[in-house]
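Okay, so here's the structure we're looking at.
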Amino acid sequence: MADPTDKMESIINLCKRRGFVFPSSDIYGGFNGFFDYGPLGVELKNNIKQAWWQDFVHRRDDIVGLDSSIIHHPTTWKASGHIDNFTDPLVDCKESKMRYRADQLFFAPVRVAGETIGYVAVLEDDGMQAKAEEMASDLKRKLAKQGTLEPVVLKDYTEAKPEEHALIPSPATGKPGSLTPPRSFNMMFQTHVGAMQDASATAYLRPETAQGIFINFKNVVDTGRVKLPFGIAQIGKAFRNEINPRNFIFRSREFEQMEIEYFISPASDWAAAHKDWIEGCLAWFESIGIPRAKLSLYPHPTEKLAHYSKGTTDIMFEFPFGVQELQGVAARGDFDLTQHSNVSGQKLDWFDEAAKARYIPHVIEPSVGVDRVFLALLTTAYHEDEVEGEKRTVLRLPARVAPFKAAIFPLVKNKPELVERAEALYRRLKQRHNVFYDAAGAIGRRYRRQDEIGTPYGITIDFETIEKGAGVTVRDRDTLAQVRMTEDEVVRFLDDKVNG
-3 MADPTDKMES
7 IINLCKRRGF
17 VFPSSDIYGG
27 FNGFFDYGPL
37 GVELKNNIKQ
47 AWWQDFVHRR
57 DDIVGLDSSI
67 IHHPTTWKAS
77 GHIDNFTDPL
87 VDCKESKMRY
97 RADQLFFAPV
107 RVAGETIGYV
117 AVLEDDGMQA
127 KAEEMASDLK
137 RKLAKQGTLE
147 PVVLKDYTEA
157 KPEEHALIPS
167 PATGKPGSLT
177 PPRSFNMMFQ
187 THVGAMQDAS
197 ATAYLRPETA
207 QGIFINFKNV
217 VDTGRVKLPF
227 GIAQIGKAFR
237 NEINPRNFIF
247 RSREFEQMEI
257 EYFISPASDW
267 AAAHKDWIEG
277 CLAWFESIGI
287 PRAKLSLYPH
297 PTEKLAHYSK
307 GTTDIMFEFP
317 FGVQELQGVA
327 ARGDFDLTQH
337 SNVSGQKLDW
347 FDEAAKARYI
357 PHVIEPSVGV
367 DRVFLALLTT
377 AYHEDEVEGE
387 KRTVLRLPAR
397 VAPFKAAIFP
407 LVKNKPELVE
417 RAEALYRRLK
427 QRHNVFYDAA
437 GAIGRRYRRQ
447 DEIGTPYGIT
457 IDFETIEKGA
467 GVTVRDRDTL
477 AQVRMTEDEV
487 VRFLDDKVNG
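Going by my numbering, the sequence shown opens with residue -3, and the numbers climb by one from there.
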């Protein structure tokens, strides 16, 4: 499938058709920026989270877990800077009523032989330069201007001069004069706590899970028997009132994060710790089936770093709609603990026994969205091929994260001896793994159904199983190879593939 747009549409259609992801409130026409995970989607999502927790918490000695509340004391967000600074630049189109993030709306003057003849505007994507150049050529031709078209140099709308706002066309209408100047838009969802709905009752749905870790730092230190360096991990929902949610589950208003705040001594080599976490995250992505070749690193330029950051590197993934951030790894210094200590009046420091000194630890923060990992896995796993002259859609998901680890089939459903044996094996395997039983339809069609949802192995009980004691056949989803095994061997085989 050569066209990335076609691949994205195919993935979205598969998600809806087979029960991975549904538009939220679907019976009411959906609700922009919100999604529901269906029976297969919730299994894949849970498997991602379990793999992350197992690898970064259970298999390490220096990480402990936390599950903080979604709504924190409102002062949390004042101290962290979110109330004042957690904003995106918003632009309105007064004619179409569309809204855009100013830093995702790009414009350029169209210049011919030294004269500016107008402006073009495009929304950010991988093809925006080509689109802008085509629009500039069309404008030159429409106005019948003679001379050489100068290079089209795109800038985002936050860089537009005040006098240019009225000249830049809206992407919705193509007409100039309807775009407003950018203004700050706070992305936190407000709510009210208690019976009163005045300013004193205002609270916020958390826009990130990190602050729940920072405000519990003292609790964990006092109770967790931890030793610096150590980390606190959390998986949980976060909410951001995105101006322009887009690209399916990639950018939504309700999402799930997997975050670690890893605390280190301020005297330690933060750059080395930062690099170690980047490498560890890259290795983890590879371990769950996201190839290194589809990943790249984007170190934030010094001038674009957040005020608290010593260094931030994004791990980028090649999605069908372009190379975008999959995970961020930030060296946050001591900003968060210092802020919460100053505002709360509580000491959020660490006593170093060896140095006989107190200090506020610094932090390395690997943060990744579960939904983005989910989409990256589907993007990597989705393939179309041909088997025995028929088109086949297959999700090549690793056994560790696949919703079902195997499917068990009696060759036909009208032979009680095959059905009984298949059901017995299904019940045995079900005690160890999430497996599926299917007796309906031709065996080839049953294989195809499981291929499409990512089930790695198809286990068939046939006449040779019963009559010759020849064991069962195990079919590999990716190679299509079939081998015979005893039922005891199948149990060990599946354990190795899922847990190995």
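Glycine is no exception: its CB is placed at the ideal position from the N, C-alpha and C atoms.
Which value, in whole angstroms, describes the spacing of the CA atoms of PRO412 and LEU10?
-> Cα to Cα, the separation comes out at about 34 Å.
Could you name the residues that DSSP lists as bridge partners for GLN230?
-> In the DSSP output, where bridge partners are listed per residue, GLN230 has LEU62 and GLU255.
Can you round the beta-carbon distance between GLY143 and ALA195 to whole angstroms, since I take them to be within the 8 Å contact cut?
-> Contact doesn't hold; Cβ gap of about 59 Å is too wide.
What are the start and end residues of the beta strand (DSSP E) that includes ASN182?
-> 179 to 182 is the extent of the beta strand (DSSP E) around ASN182.
Which stretch, first to last residue, makes up the alpha helix (DSSP H) that contains HIS270?
-> Counting along the chain, the alpha helix (DSSP H) containing HIS270 begins and ends at 266 to 283.
Give the secondary structure of ARG388 by DSSP, where H, G and I count as helix, E and B as strand, and everything else as coil.
-> Reduced to three states, the DSSP call for ARG388 is strand.
So the alpha helix (DSSP H) ALA75 belongs to, where does it begin and stop?
-> Membership of ALA75 in the alpha helix (DSSP H) is indicated by the continuous run 71 to 76.
Check THR469 in the structure and name its three-state DSSP category.
-> Strand at THR469.
Within 10 angstroms of its Cβ, does GLY123 collect 16 or more other Cβ (buried), or is it exposed?
-> By the neighbour-count definition (other C-beta atoms within 10 Å, threshold 16), GLY123 is an exposed residue.
Per DSSP, GLU250 is paired with what?
-> GLU250 is bridged to PHE235.
For LYS151, which of helix, strand or coil comes out of DSSP?
-> Three-state result, LYS151: strand.
Under 7 Å Cβ to Cβ from LYS387, same chain only, skipping five residues before and after it: list those, please.
-> So the qualifying residues of the chain are GLU380.
Compute the Euclidean distance between the alpha carbons of ALA75 and VAL148, then round it to the nearest angstrom.
-> Our two residues, ALA75 and VAL148, have alpha carbons roughly 43 Å apart in a direct line.
Rounded to whole angstroms, what's the CA-CA distance from PHE30 to ASP121? Just pull it up for me.
-> C-alpha separation (whole angstroms): 22 Å.
For ALA438, is the classification buried or exposed, using 16 other Cβ atoms within 10 angstroms of its Cβ as the cut-off for buried?
-> Exposed.
Candidates THR298, PRO262, GLU321 and ALA279: closest to PHE497 by CA position = As shown, the chain starts at -3 and ends at 496. That puts residue 497 outside it, with no answer to give.
May I have a chain-ordered list of the beta strand (DSSP E) segments no shorter than 3 residues that lie completely inside the segment 126 to 213?
-> For secondary structure counted as the beta strand (DSSP E) over 3 or more consecutive residues, the segment 126 to 213 holds these complete runs in sequence order: 179 to 182, 186 to 188 and 198 to 200.
Kindly indicate the opening and closing residues of the beta strand (DSSP E) around ASP84.
-> Counting along the chain, the beta strand (DSSP E) containing ASP84 begins and ends at 83 to 88.
Just tell me which of VAL222, ALA279 and GLU382 has its CA closest to the CA of GLU349.
-> Looking only at VAL222, ALA279 and GLU382, the smallest Cα-Cα distance to GLU349 is reached by VAL222.
Span of the beta strand (DSSP E), counted from its first residue to its last, around ASP32 = Run containing ASP32: 31 to 33, per the beta strand (DSSP E) assignment.
Counted within 10 angstroms of its Cβ, other Cβ atoms place TYR24 as buried (16 or more) or exposed | Flag for TYR24 reads exposed.
In or out: SER337 buried (at least 16 other Cβ within 10 Å) or exposed?
-> Flag for SER337 reads buried.
Mind reading off the beta-carbon distance from PHE246 to ARG368? Whole number of angstroms is fine, and I expect it under 8 Å.
-> Between ARG368 and PHE246 the Cβ distance is about 6 Å, and since that is below 8 Å, they are a contact.
First through last residue of the beta strand (DSSP E) which encompasses ILE457 = Run containing ILE457: 453 to 457, per the beta strand (DSSP E) assignment.
Taking the CB atoms as reference points, tell me whether ILE256 and GLU146 lie closer together than 8 Å.
-> Not in contact: ILE256 and GLU146 (Cβ atoms no closer than 8 Å).
Starting from SER292 and walking both ways along the beta strand (DSSP E), at which residues does that stretch end?
-> Its beta strand (DSSP E) spans residues 291 to 295.
Could you say if the segment 399 to 409 and the segment 430 to 448 meet the contact criterion of at least three C-beta pairs nearer than 8 Å?
-> Touching, yes, given that three or more Cβ pairs across the two stretches are closer than 8 Å.
Exposed unless 16 or more other CB atoms sit within 10 angstroms - verdict on GLY341 | Exposed.
If we ignore side chains and look at the alpha-carbon of each, how far apart do TRP48 and ASN495 end up?
-> Each residue's Cα considered, the two are about 14 Å apart.
Sort PHE489, ALA466 and GLY450 by Cα distance to LEU373 and report the nearest one.
-> Minimum Cα-Cα distance from LEU373 among the listed residues PHE489, ALA466 and GLY450 corresponds to GLY450.
With a CB to CB cut of under 7 Å and the five nearest residues on each side skipped, what residues in its chain are close to PHE213?
-> LEU333 and LEU344.
Collapsed DSSP secondary structure at ILE360 in the structure displayed = Three-state DSSP puts ILE360 in a strand.
So, do the segment 299 to 311 and the segment 218 to 238 have three or more beta carbon pairs nearer to each other than 8 Å?
-> Contact between the segment 299 to 311 and the segment 218 to 238 is absent: fewer than three C-beta pairs spanning the two stretches fall below 8 Å.
Are PRO70 and THR198 closer than 8 Å when you measure CB to CB?
-> In this structure, THR198 lies closer than 8 Å to PRO70 by Cβ.
Local Cβ density within 10 Å of MET192, reported as buried at 16 or more and exposed below that = MET192 counts as exposed, since fewer than 16 other C-beta atoms from the protein chains shown sit within 10 angstroms of its C-beta.
Using the Cα positions of THR482 and ILE457, report the straight-line distance between them to the nearest angstrom.
-> Approximately 11 Å, taken between the alpha carbons.
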